[in-house]
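Below is one structure, written out as structure tokens; the observations come after it.
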Amino acid sequence: MNDALIQAQNLHRCYRNGREQISVLHGLSLELRRGEAVAVIGPSGSGKSTLLNLLNGLLQPDSGELCVFGRAYSELSERDWAELRRTRIATLFQDGNLIPTLTVSRNIAFRAGLAGLQAHDGEALLDQLGIADTAHRYPDQLSGGQRQRAALACAFAMQPELMLADEPTGSLDYATAERVVPLFFDAMRERQLGALIVTHNPELAQRCDRILELREGVLSPWVSPASS
Ligand SMILES: Nc1ncnc2c1ncn2[C@@H]1O[C@H](COP(=O)(O)OP(=O)(O)O)[C@@H](O)[C@H]1O
Ligand SMILES: [Mg+2]
66 MNDALIQAQN LHRCYRNGRE QISVLHGLSL ELRRGEAVAV IGPSGSGKST
116 LLNLLNGLLQ PDSGELCVFG RAYSELSERD WAELRRTRIA TLFQDGNLIP
166 TLTVSRNIAF RAGLAGLQAH DGEALLDQLG IADTAHRYPD QLSGGQRQRA
216 ALACAFAMQP ELMLADEPTG SLDYATAERV VPLFFDAMRE RQLGALIVTH
266 NPELAQRCDR ILELREGVLS PWVSPASS
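One point on numbering: in my numbering, the residue at position 33 of the sequence shown is 98, and numbering is uninterrupted.
This is the structure:
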């Protein structure tokens, strides 16, 4: 079995604002395998969120080659992408992951149900993440950090194979991040997930198998300033 979840070669993507054209990714390559966690760091505006949205099919590359689960993006229809996002690719956006009119536990059940699962381990996940008491609350009754953890529980409950996370600890205070980061990795390893994690959190990045830096439109291995 081919265990490459993502194979990207020479991806280009720009945005057009009227007559102005902003080139964000120019020649980006990346490979991510099952069970592997890769951190992506990079300055604000460098294209990290753009990259995640190319990998979940919400944006299309202008050129280059992209395969997810061994299938070329050029062969994937909108419907195929929707199916992948429903069942195999979880995206944790920077915000807006939860449906505001459903409680946390209903959000989890909804997400798992969309993925076609009869049962889910949502309660155990909430407990693990230290927010069991939020199960019957609505998203706007939670703090930013609780919302992020609830979103994480929803993402795990759909049992994805690939997790794309945009700053998953961005709203957590230091002490909570310290508690949640190991749980995040336990849950990932347990499920043999591949993950691409955009993060500014050094602890989260250091726990990944590799750290890549997105700069000037391409990804390259991050070199710690201490080692250069
Ligand atoms: N829909 C859009 N239209 C025009 N420019 C955009 C759009 N989305 C992002 N950009 C620009 O593309 C660049 C990369 O954005 P983004 O991927 O959000 O970066 P990051 O997540 O690293 O902060 C930024 O300069 C941003 O302003
Ligand atoms: Mg971003």
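By construction, the Cβ of each residue, glycine as well, lies at the ideal position given by its N, Cα and C atoms.
Taking all protein chains shown into account, decide if residue i is buried (16 or more other Cβ within 10 angstroms of its Cβ) or exposed.
| i | result |
| --- | --- |
| Glu255 | exposed |
| Pro225 | buried |
| Arg244 | exposed |
| Asp274 | exposed |
| Ser285 | exposed |
Just how far apart, CA to CA, sit residue i and residue j?
| i | j | result |
| --- | --- | --- |
| His185 | Glu85 | 47 Å |
| Leu227 | Tyr138 | 16 Å |
| Leu269 | Ala102 | 10 Å |
| Val330 | Ile71 | Any property of residue 330 remains undetermined from this structure, which presents the chain solely from 66 to 293. |
| Arg81 | Ile87 | 6 Å |
Skipping 5 residues on each side, what residues in its chain have a beta carbon closer than 7 Å to that of residue i?
| i | result |
| --- | --- |
| Ile173 | His185, Gly187, Ala218, Cys219 and Ala222 |
| Asn121 | Arg150, Ile154, Thr156 and Leu229 |
| Thr241 | Gly210 |
Please list, in chain order, all residues of the same chain as residue i whose beta carbon is under 8 Å from its beta carbon, the five residues on each side excluded.
| i | result |
| --- | --- |
| Asn75 | Gly92, Leu93, Ser94, Ser128, Gly129 and Glu130 |
| Met253 | Ala102, Met228 and Ala260 |
| Asp238 | Gly210 |
Kindly list the residues whose CB is nearer than 6 Å to the CB of residue i, restricted to its own chain and excluding five residues on each side of it in sequence; keep chain order.
| i | result |
| --- | --- |
| Ser289 | none |
| Phe250 | Arg272 |
If you follow the beta strand (DSSP E) that residue i is part of, which residue opens it and which one closes it?
| i | result |
| --- | --- |
| Thr241 | It is not in any beta strand (DSSP E) - Thr241 instead sits in the alpha helix (DSSP H) that spans Tyr239 to Arg256. |
| Pro286 | Val283 to Pro286 |
Over what stretch of residues does the alpha helix (DSSP H) that includes residue i continue unbroken?
| i | result |
| --- | --- |
| Gln271 | Pro267 to Arg272 |
List in chain order: all unbroken beta strand (DSSP E) runs of 3+ residues lying wholly within the region 166–236. The region 166–236 contains these whole beta strand (DSSP E) runs: 227–231.
What alpha helix (DSSP H) runs, 4 residues minimum, are completely inside the region 86–115? Scanning the region 86–115 for uninterrupted alpha helix (DSSP H) segments of 4 residues or longer gives nothing; none is fully contained.
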